[in-house]
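J.:
Residue numbers (my numbering), protein chains in the order written: chain A, 1 to 430; chain B, 431 to 860.
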């Protein structure tokens with residue numbers, strides 16, 4: 001007879017509540033599947049007395065979450081507080097130092113301090129598990145680490161932030177502006193009052209840094225992620241994109257290139273009929289490209305109580321079963337010190353929207369600049385308009401080096417006939 | 431210093447060759463990821479002297495594959511021979527009895543004898559691993575067993591046979607008949623000379639029985655799978671489907687219903703814009719629906735050297751890492767003796783194509799039969815045609831019990847004005 005696995009949960013927000021629910025309602029199922037009873041022996045959250053869907057009255061309560069990390073009746077600490085620093089970090093560090101395994105959904109913590117934490121876990125023989133930190137219910141961490149472990153990965157591409165995907169999908173479907181849809185998303189609770197973390201791409205970058213680490217066996221390096229959010233995407237760009245057969249998605253992309261590992265988060269045009277082109281609303285999706293497996297797509301809910309708790313509890317079950325693995329696939333001492341590439345080395349094709357005053361010679365000036373940078377154009381769109389009024393002109397390029405493209409955009413922006421800052425969106429082939 | 435994991439491979443066809451390639455070319459990567467060297471210490475195949483992409487001259491050769499199972503220099507037996515009986519079964523049974531772990535891509539063996547084999551593995555402390563048996567490179571076995579383990583599954587739906595999906599996709603894209611496309615697929619090597627195993631749905635049924643077992647914790651029961659292949663699907667049906675917003679796919683579906691676990695393999699109409707509606711060519715895709723996670727989609731290559739070997743080697747890596755799990759999620763003695771439902775209990779909506787001789791009163795006869803069975807019609811299609819000539823009439827129904835539908839189809843088939851056996855396709859909502 002094995003002893004029960006004793007779990008302490010810190011943080012009872014959306015994900016904490018979902019975790020509590022699964023552990024309470026599926027006790028017998030989890031025991032059958034792991035061979036071990038999983039019991040909650042400690043809880044902590046900001047507010048104790050609050051109506052919750054699961055009754056917690058019989059459970060041990062801690063006003064100080066960090067105390068759970070030293071509690072003798074806890075084997076596994078589930079950290080669902082959030083934030084790269086402060087209480088969450090202190091809790092996780094204390095737990096690992098005390099030899100208690102940690103399950104967390106905290107992408108910021110793992111992206112910033114994951115390697116230091118993994119080293120502590122190695123030291124004390126504890127497990128550090130963070131399936132829920134990336135893409136909610138999609139088991140992408142386990143897939144990269146276990147299911148696809150025989151592959152040398154070439155590229156991993158993901159729609160990793162449900163808020164951004166919801167905003168972009170809604171803009172297109174309801175033909176509204178970014179500001180309009182963001183406001184609605186905030187009212188519906190899909191976006192935070194301070195939306196910067198999501199819409200400026202930071203959340204996606206955290207998740208991407210973690211995926212990079214798993215795919216390429218290096219330390220997560222959030223500082224080496226190029227980050228550009230979705231605030232500048234307009235409905236007009238979406239209409240042009242559709243005309244060209246594309247949709248616009250915020251992607252996180254990590255790939256092996258001749259100049260190093262390239263990590264980037266930015267709006268992308270992807271073919272509408274490609275696997276990521278039609279991922280709807282709050283869904284997340286990830287394409288992993290391996291040398292043996294080819295391309296594998298994973299799609300599902302990237303947030304919410306049920307999906308994220310599904311991943312949290314799967315990690316707890318791993319611990320109950322006694323599964324051992326390296327959190328970042330390799331022992332910390334053996335992680336690859338891979339060089340990271342920078343954006344000027346990127347080779348991509350581009351979409352560029354200009355607003356020009358329609359005078360003779362304008363297009364000749366623009367195309368002259370492209371010629372000077374040896375950028376070859378793939379398509380050119382301009383719709384009929386009233387003579388003399390500003391008009392949107394769209395060009396797309398063949399594969400070009402980003403540094404050349406940026407010089408061209410810079411020169412074009414300075415033309416007297418160009419009336420707004422041009423907007424450039426990279427086109428990603430999937 | 432850990433000792434190397436010694437692998438014996440039986441069967442060097444497509445998948446065996448792919449496995450050999452990964453193990454030979456990624457030796458250092460696999461060692462870094464598992465912490466243990468993986469070495470090939472035994473090989474067996476039908477022909478020894480044959481040009482192969484990997485040099486096998488230095489490796490120990492066995493004319494009798496079963497001898498590998500008793501070889502003192504082998505820790506893991508990789509069975510890539512195929513077939514539910516004969517040498518493959520003998521090899522796997524001997525290996526497990528000898529305490530050697532087994533990795534196999536053999537769906538027929540696992541669907542028919544998986545539980546007996548799992549019991550042997552439990553007895554001897556060996557591992558039985560079969561990620562490659564379902565959906566090639568997609569790590570769906572691990573996802574159901576580990577990544578989504580916190581879920582009570584409601585339904586798992588898959589496109590599990592690349593040959594069928596290739597044939598159906600090609601029929602539609604090139605507007606050709608089943609026979610034409612099958613012939614081409616055979617010439618290209620996508621379909622076997624004896625295609626029955628694929629096109630009659632048997633291969634899909636094997637894979638579905640395995641997925642059922644993992645999702646619901648019961649023994650695989652191939653005898654309880656309703657099986658109907660794709661031979662009767664016509665281009666005409668695809669055209670009507672498209673008109674209604676559907677594509678036609680061969681699906682394997684397993685779900686919990688009030689009358690038991692329902693397992694069925696048959697052509698389905700699925701909405702074109704649903705996740706399985708546009709899965710192209712030889713790809714496989716699986717939708718898993720869990721109570722917490724909601725719906726998760728997995729898509730990738732379901733066959734071929736690289737993808738299938740990716741899964742074979744991932745299983746070998748699990749063994750190298752010392753991962754322990756129950757092959758069917760639960761210990762054999764604790765598997766659920768779930769009742770299986772039968773097709774007459776199915777509730778579905780239906781597509782029915784009739785060829786009728788256009789005489790006054792025909793449609794009234796047909797609709798009268800539906801009324802008698804209390805089947806409510808959702809749509810009705812009939813295209814203009816020359817008067818007096820036979821015409822295709824298509825009806826779709828609202829949700830109906832299969833037994834009623836079959837009685838109606840039977841009665842309709844007997845009408846003097848119906849000139850061909852009506853063709854019924856179930857419509858699946860995803």
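The beta-carbon is built from N, C-alpha and C at its ideal position, and this holds for glycine as well.
#1: Under 7 Å: does the beta carbon of residue 288 of chain A sit that close to some heavy atom of the ligand FAD?
#2: By DSSP's criteria, residue 157 of chain A is part of a beta bridge. Which residues make up the other side?
#3: Please confirm whether residue 757 of chain B and residue 544 of chain B have their CB atoms less than 8 Å apart.
#4: If you follow the alpha helix (DSSP H) that residue 278 of chain A is part of, which residue opens it and which one closes it?
#5: Alpha carbon to alpha carbon, how far is residue 697 of chain B from residue 798 of chain B?
#6: Tell me where the beta strand (DSSP E) around residue 352 of chain A begins and ends.
#7: Looking at residue 832 of chain B: is its Cβ nearer than 8 Å to the Cβ of residue 784 of chain B?
#8: Flag residue 299 of chain A as yes if its beta-carbon sits less than 8 Å from any beta-carbon of chain B, otherwise no.
#9: Could you name the residues that DSSP lists as bridge partners for residue 656 of chain B?
#10: Output the residue ranges of the alpha helix (DSSP H) runs that lie fully inside the stretch 84 to 132 of chain A and measure 4 residues or longer, sorted by chain position.
#11: Would a check of beta-carbon distances place residue 928 of chain B closer than 8 Å to chain A?
#12: With a floor of 3 residues, list each beta strand (DSSP E) that falls wholly inside the stretch 578 to 656 of chain B, ordered by position along the chain.
#13: Have a look at residue 558 of chain B and residue 767 of chain B and give me their C-alpha separation to the nearest angstrom.
#14: Buried or exposed for residue 432 of chain B, going by 16 or more other Cβ atoms inside 10 Å?
#15: May I ask you to verify whether the stretch 801 to 812 of chain B touches the stretch 826 to 841 of chain B, counting CB pairs closer than 8 Å and requiring at least 3?
#16: Which of the three DSSP states, helix, strand or coil, is assigned to residue 438 of chain B?
#17: Counting along the chain, where does the alpha helix (DSSP H) carrying residue 370 of chain A start and finish?
#18: Find the nearest neighbour of residue 791 of chain B within the set B:848, B:814, B:587, judged by alpha-carbon distance.
#19: With distances taken from CA atoms, which of A:32, A:287, A:45, A:279 is nearest residue 17 of chain A?
#20: Take residue 357 of chain A and list the residues in its own chain whose beta-carbon comes closer than 7 Å to its own, dropping the five residues that flank it on each side.
#21: With a CB to CB cut of under 8 Å and the five nearest residues on each side skipped, what residues in its chain are close to residue 750 of chain B?
#22: Cβ closer than 7 Å: which chain A residues qualify as neighbours of residue 581 of chain B?
#23: What is the DSSP secondary structure of residue 401 of chain A, counted as helix, strand or coil?
#24: Would you tell me roughly how many angstroms separate the C-alpha atoms of residue 484 of chain B and residue 145 of chain A, rounded to the nearest one?
#25: Just the chain A side, please: which residues come within less than 7 Å of residue 764 of chain B by C-beta, in chain order?
#26: Closest to residue 425 of chain A by C-alpha separation, out of A:218, A:396, A:359, would be which residue?
#27: Please report whether the beta-carbon of residue 292 of chain A lies at a distance below 8 Å from any beta-carbon of chain B.
#28: Would you report the Cα separation of residue 134 of chain A and residue 110 of chain A, rounded to the nearest angstrom?
#29: Note down, in chain order, all residues in the stretch 102 to 135 of chain A with a beta-carbon under 8 Å from any beta-carbon belonging to chain B.
#30: Report yes if the CB atom of residue 814 of chain B is closer than 8 Å to the CB atom of residue 687 of chain B, and no otherwise.
#31: Kindly list, in the order they appear in chain B, the residues whose Cβ is closer than 8 Å to that of residue 321 of chain A.
#32: Output the distance between the C-alpha atoms of residue 200 of chain A and residue 222 of chain A, rounded to the nearest integer angstrom.
#33: Closer than 9 Å, Cβ to Cβ, to anything on chain C: give me those residues from the stretch 633 to 651 of chain B, in chain order.
#34: Going straight from the alpha carbon of residue 706 of chain B to that of residue 635 of chain B, what length do you get?
#35: Output yes if chain A places a C-beta closer than 8 Å to the C-beta of residue 672 of chain B; else output no.
#36: In whole angstroms, what separates the C-alpha of residue 122 of chain A from that of residue 764 of chain B?
T.: By the coordinates alone:
#1: By its list of ligands, the structure shown contains no ligand whatsoever, and the ligand FAD lies outside what it can speak to.
#2: A:253, A:287
#3: For residue 757 of chain B and residue 544 of chain B, yes; Cβs fall inside 8 Å.
#4: Residue 278 of chain A -> no alpha helix (DSSP H), and no H or E assigned at all.
#5: Answer to the nearest angstrom: the Cα atoms are 27 Å apart.
#6: 347 to 357
#7: no
#8: yes
#9: B:694
#10: 86 to 97, 107 to 124
#11: Because chain B is modelled from 431 through 860, residue 928 of chain B falls outside the range shown and cannot be assessed.
#12: 583 to 589
#13: So the two alpha carbons sit approximately 21 Å from each other.
#14: The residue in question, residue 432 of chain B, is exposed, as its Cβ has fewer than 16 Cβ neighbours within 10 Å.
#15: Verdict: yes, contact present.
#16: strand
#17: 362 to 372
#18: Between residue 791 of chain B and the set B:848, B:814, B:587, the nearest pair of CA atoms involves B:848.
#19: If we check each option's Cα against that of residue 17 of chain A, A:45 comes out closest.
#20: 390, 417, 419
#21: If you ignore the 5 residues before and after residue 750 of chain B, its C-beta comes within less than 8 Å of the C-beta of 435, 460, 464, 465, 466, 468, all in its own chain and listed in chain order.
#22: 310
#23: Residue state for residue 401 of chain A is assigned as strand, using DSSP reduced to three classes.
#24: 26 Å
#25: 32
#26: A:396
#27: yes
#28: 10 Å
#29: 131
#30: no
#31: 754, 755
#32: Inter-residue distance for residue 200 of chain A and residue 222 of chain A is about 14 Å (C-alpha atoms, whole angstroms).
#33: Checking the listed chains, one finds no chain C in this structure; the protein chains it contains are A and B.
#34: 18 Å
#35: no
#36: Residue 764 of chain B has its alpha-carbon roughly 34 Å from the corresponding atom of residue 122 of chain A.
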